[in-house]
Amino acid sequence: MRGSGWSLRRRLTLTLIGGAAVLAILFYLVVRTYAQGIAQQSQDRILEASVTSLMDAAVVRGGQIELDLPYAAFSMLDTAADDRVFYAIHQGDVLLSGYEGLSSGPFAPMGEPRFATRGFAGGDVRVATLTHSLPASPRPVLLTVSVAQTRDSLSGTLLTISINAAVFGAVFFLLAAGMALWTSASTLRPLGQIAASVARRGPSDLRPVTRSVPTELSPLVTSFNALMTRLSHSLTQSETFIAEAAHRVRTPLATVRSHAEVTLMRVDKDENRQALRSMIRAIDESSRAAGQLLDHAMVTFRGDQLDKQDVDLVSICSDIVDRLTPVAEMMDLDLTISSDGPVPVQADPILVQNAVRNLVDNALKYSSAESVVHIHVSAQPGPSITVTDQGIGFPKDQIELLSQRFQRGDNARDTVGSGLGLTIAKDVAEAHGGRLELKNLEAGGACAVLYF
Amino acid sequence: MKYLLIEDNAELAAALCDRMRLDGHVIDHAATLSEGADFLHVGDYDLILLDIMLPDGDGRGFLERHRARQDDTPVIVLTARSEVSDRVGMLDLGADDYLTKPFDHAELQARCRAVMRRRAGAAQTVIRRGTVALNPVASVLTVGSNETTLRNRELRLLELFMNAPGQIFSKDKLVDRLFSYDDTVTENAIEVYVGRLRKHLEGSSVTISTHRGLGYRLDEG
Amino acid sequence: MRSLVLLVAMIWAPFVWAADLEDRQMFEGAAAETTLRVISSTDTDIFAPILEGFLAQRPDLRIDYAVAGSADIVTLIADCPDCYDIAISSAMDLQLKLANDGLARRLSGLEQTAGTQWRQTLFGFTLEPATIVLNRAAFAGRPVPETRQQLIEAVRADPAHFRGRLGTYDVRLSGLGYLFATQDARTSETYWRLMEVFGSLDARLYCCSGDMIDDLAKGDLFVAYNVLGSYASTRPETRDKVAIITPSDFATTMMRTALVLDATGEEAAATDLVAYLTQGAWADAAQPEYPLPSIGVSDPARLNVVSLEPGLLVYLDRLKRQIFLEAWTSALVR
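So the protein lines, in turn, are chains X, C and D. Just so you know, we're using my numbering here: the first sequence kicks off at 157 and counts up by one. Just so you know, we're using my numbering here: the second sequence kicks off at 2 and counts up by one. Just so you know, we're using my numbering here: the third sequence kicks off at 3 and counts up by one.
Quick look at the structure:
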């Protein structure tokens, strides 16, 4: 899911911005083309007027054309950019006057002037050409008048319009891009809000999302809620199942163990007693293993989704001391705790509890009678919990391996335990960004330190 | 001490009752919550052992009602669930302690004693033999006017002897009772504890005698 | 380029006469290195103060100043487009045609109002009305005409007195004369009536203003029509003998224009000279009053200024010129 390469927001933004860019370019092109058309048309109208006025001024006298050019024919071509003007007057195909090469025959009579754009005298010109057949005897005379004008003014106008269109297009694009950013952000905000509210939840919060969401998101949220309901249901079911299974197994085990204890008090024969003892130890071992497996599963589960709270390590450890004091007493052990005042941290209390309980459990198991198991909670240099005992200590060559799953010290073969305790403590420490340190005390005994 | 056990599993209940009685305790057994309520209605108990899953309801509901009645009889919950999930709920609802099945009977006794000790107002039985008085809850031995606090194993050993004066306990059985069926503990360990008890009992009318090949016995002078 | 030159040569065919330089002088700057070649229709003595004023500012330049008739200038340039850097002429139509046909270079950095320049190629730098110059002695005791109509009446009143004593440009030879004539004709029919009168009294035709003013001063001529007043007023020996009248009906006014030829190799220096003509010369307090009227001082409203526009090309058309000259000849030449 994570980092799969594309973002809905980026896609939406890019689509909107891309659309705006296409629209802006389209706008620019359309305006430019339209303006070009209009400008060309207006130049053509003037050229047409010029050509027509020249044509009107022509008379045929004795088979020869006389053309008294009206002043206005050219002065009307005056433009802001002072465009250059060229013209050519042909009788038949013969140039009577004007510029050679501007237009060339053969010419045929036409009703409307013909327009063309071409290069002439070092620039682009628009040429209007009109050919009329003038009545004369013995035969009509073909008169062709061409007037050409450079396109500087047109280009200037076009440039102005193009710049304006480009500026407008750019402004439109910038506004649209801003709108796109805003739109995509605001459109996707509910999604982000839902994601954030779901992410903020604790590991066991499987309530449906009830906040109001946009219509488009409601199928997603509905599916999500349905999933949550199913998940919650199935979690409840498995919890019930595990509880039921534990109940079904642990209760008979308890029955057997109690019977065995009673029987052990009554029988005298050595081999029978031996068998009963083995039975009791086997029951204890399997019960402890089941408990630690469940603990470990829980640590793994919660480790992914820490339910961090403001907790005081001292008060957590004091609870554990209260809880385990009866067990310690049974073994004639002293379970003590010391601290330099409260040690507040951000942590998942259930995990910390589990880790410390397992460490203390271990310490109690490996201590010899009438010794002390001590918990020290310290805030300096960082928050830490130290559990020390006065027992046999960790096997020197296996300190590293010890906290690996199911590893047990060589020198602990005879003590009931699954070996998961240190692994649990280590996992909890690492889930909180800390570590578990194991060492042997010089005065003898093991020392386990949980750093947070 | 008088216990009420509320437990639907008849086999476990029978074994537990058997075990408790062997230690000289009085114990009544109720198979359902309503039966348990009936027992509580007519009798006084020092401590209630409560199973959490019962045919006619959840033990938690019982706990709530129990505390609502202002009944301060301590309750130890026996649960088959894993430690974590029930712990907080149990203690919040007013259980004094809890124990996960299967459990060591010695641990049950230790927890019972701890609970009783916390409730200083609760009745505290004192076992008396001659000039010796033993308060198992407070773990205090009184010889004449001389009070000694005993370590747990000394206490449990002495409690055994004082509950059954004249009975011979084999070293083997004593090891099992004191060391939770630990194979590695030798019978010599018992001699150490017996030696300590003898020292505590000096000057009293009570002695612990050695019966070679058989074990130890408490004699009242 | 060659085809363009050829093209231009052909277009100018109607104006091709034997074209000769009337004068040629070198103006040396104090530390002259670069030569600017100027071809001009303005007499050297009239233009000399301006050139000297310019060279005072640009001592690194030397000016090769050649004088030719305005029509000849066109021919000379058509024959050799890269023989000159700058063309200065009073014949606005011919200058405009040079620019229109692509022989002038567009200059940047010269700012001038739209009416006095064309395409940043052609720059007007004086405003000079065509005037009627009279010999004072000949008009002694007679009313001095202020308009063309009054001139017609004055001449008709005593044809014998004026016969052979009227002069004007031979528009077939003078580019400026042709410009004034065509613009007069465009403006008013009075022109033709005046020419009819001139023609009927054997008017004398001149190629150049100078000759006309000389004859006026000598008393050979009583009336010169369409003469540049500035020419007459600059000559001390004639100043008292003639009266310069700016017609009050309308005064056709031309701009003396300058353009830089596209083939020039000295664009920067040429541009500086044009800039000096259009802006610097009359603002140069160190210089004495120049003989030519600044483009800025005259009152344009009173004057019928010929505007720089494509319309000027009309009278240069072969057919149009033919028609005009036929009408003119039939009026003047008997």
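Where is the CB? At the ideal position from N, CA and C, for every residue including glycine. These figures come from a predicted structure and were not determined experimentally.
Residue from the options with nearest C-alpha to residue i
i, options, result
"residue 389 (chain X)", "X:404, X:361, X:403", "X:361"
"residue 131 (chain D)", "D:296, D:105, D:73, D:69", "D:296"
"residue 200 (chain C)", "C:79, C:174, C:151", "C:151"
"residue 231 (chain X)", "D:138, D:320, D:316, D:322", "D:316"
"residue 324 (chain D)", "X:203, X:190, X:224, X:197", "X:224"
"residue 216 (chain C)", "C:189, C:58, C:33", "C:189"
"residue 378 (chain X)", "X:403, X:350, X:405", "X:350"
"residue 431 (chain X)", "C:208, C:183, C:195", "C:183"
"residue 65 (chain C)", "C:45, C:93, C:44, C:101", "C:93"
"residue 100 (chain C)", "C:2, C:81, C:172, C:214", "C:81"
"residue 74 (chain D)", "D:178, D:245, D:294", "D:178"
"residue 176 (chain X)", "X:439, X:596, X:326", "X:326"
"residue 110 (chain X)", "X:183, X:216, X:286", "The question about residue 110 (chain X) has no answer, for chain X in this structure spans 157 to 608."
"residue 198 (chain X)", "X:301, X:302, X:310", "X:310"
Whole-angstrom C-beta distance between residue j and residue i, which should lie under 8 Å
i, j, result
"residue 13 (chain C)", "residue 503 (chain X)", "Not confirmed; about 38 Å, so no contact."
"residue 53 (chain C)", "residue 61 (chain C)", "7 Å"
"residue 178 (chain C)", "residue 197 (chain C)", "About 16 Å separates the two Cβ atoms, so there is no contact after all."
"residue 587 (chain X)", "residue 459 (chain X)", "4 Å"
"residue 265 (chain D)", "residue 239 (chain D)", "That belief does not hold up - the Cβ atoms of residue 265 (chain D) and residue 239 (chain D) are roughly 40 Å apart, past 8 Å."
"residue 416 (chain X)", "residue 398 (chain X)", "Wrong, their Cβ atoms sit about 26 Å apart, outside the cutoff."
"residue 485 (chain X)", "residue 111 (chain C)", "6 Å"
"residue 138 (chain D)", "residue 245 (chain D)", "5 Å"
Through-space distance from residue j to residue i, alpha-carbon basis
i, j, result
"residue 267 (chain D)", "residue 92 (chain D)", "24 Å"
"residue 133 (chain D)", "residue 298 (chain X)", "44 Å"
"residue 192 (chain X)", "residue 269 (chain D)", "35 Å"
"residue 78 (chain C)", "residue 4 (chain C)", "13 Å"
"residue 604 (chain X)", "residue 500 (chain X)", "20 Å"
"residue 608 (chain X)", "residue 465 (chain X)", "14 Å"
"residue 579 (chain X)", "residue 557 (chain X)", "10 Å"
"residue 331 (chain D)", "residue 294 (chain X)", "31 Å"
"residue 335 (chain X)", "residue 348 (chain X)", "19 Å"
"residue 17 (chain D)", "residue 329 (chain X)", "For residue 17 (chain D), the predicted structure reports a pLDDT of 47, less than 50, and the residue's modelled location is therefore unreliable. A value from the coordinates is still provided. Roughly 59 Å separates the two Cα atoms."
"residue 571 (chain X)", "residue 108 (chain C)", "The predicted model places residue 571 (chain X) with a pLDDT of 49, which falls under 50 and marks its position as unreliable; any figure quoted below should be read in that light. Computed Cα separation, rounded: 17 Å."
"residue 203 (chain D)", "residue 334 (chain D)", "9 Å"
"residue 124 (chain D)", "residue 232 (chain D)", "22 Å"
"residue 113 (chain C)", "residue 38 (chain C)", "21 Å"
"residue 531 (chain X)", "residue 544 (chain X)", "7 Å"
"residue 165 (chain D)", "residue 157 (chain D)", "9 Å"
"residue 63 (chain C)", "residue 8 (chain C)", "13 Å"
"residue 149 (chain C)", "residue 426 (chain X)", "36 Å"
"residue 226 (chain X)", "residue 83 (chain D)", "31 Å"
"residue 87 (chain C)", "residue 507 (chain X)", "Below a pLDDT of 50, predicted positions are generally treated as unreliable, and residue 87 (chain C), at 49, falls in that range; no measurement from the model is reported."
"residue 10 (chain C)", "residue 448 (chain X)", "25 Å"
"residue 272 (chain X)", "residue 245 (chain X)", "17 Å"
"residue 171 (chain X)", "residue 346 (chain X)", "20 Å"
"residue 259 (chain X)", "residue 68 (chain D)", "37 Å"
"residue 569 (chain X)", "residue 550 (chain X)", "Any answer about residue 569 (chain X) is weak, because its pLDDT of 47 lies below 50 and its placement is not dependable; what the coordinates show is given next. Approximately 12 Å between the Cα atoms of the pair."
"residue 491 (chain X)", "residue 19 (chain C)", "32 Å"
Residues sharing a beta bridge with residue i, DSSP
i, result
"residue 227 (chain D)", "D:170"
"residue 131 (chain D)", "D:255"
"residue 483 (chain X)", "The partner list for residue 483 (chain X) (beta bridge, DSSP) is empty, contrary to what the question assumes."
"residue 493 (chain X)", "X:531"
"residue 218 (chain C)", "C:169, C:210"
"residue 356 (chain D)", "What the structure shows of chain D is the stretch from 3 to 336, and residue 356 (chain D) is not part of that stretch, so it cannot be assessed."
"residue 25 (chain D)", "D:69"
"residue 125 (chain D)", "D:119, D:260"
Distance cut-off 8 Å: residue i Cβ against heavy atoms of the ligand SAM
i, result
"residue 133 (chain C)", "With respect to the ligand SAM, the structure offers nothing, as it holds no ligand at all."
Checklist entry - Is the segment 202-216 of chain D in contact with the segment 136-156 of chain D, if contact means three or more CB pairs nearer than 8 Å? => result no
Checklist entry - For the segment 69-88 of chain D against the segment 32-40 of chain D, are there 3 or more C-beta pairs whose distance is under 8 Å? => result yes
Next on the checklist: Can you confirm whether the segment 153-169 of chain C touches the segment 126-133 of chain C when touching is taken to mean that 3 or more C-beta pairs between the two stretches lie within less than 8 Å?
Outcome noted: yes
Checklist entry - Should the segment 303-314 of chain X be regarded as contacting the segment 232-242 of chain X, the criterion being three or more beta carbon pairs within less than 8 Å? => result yes
Item to check | contact_flag[the segment 176-196 of chain D, the segment 244-256 of chain D] where n(CB pairs < 8 Å) is 3 or more | outcome: yes
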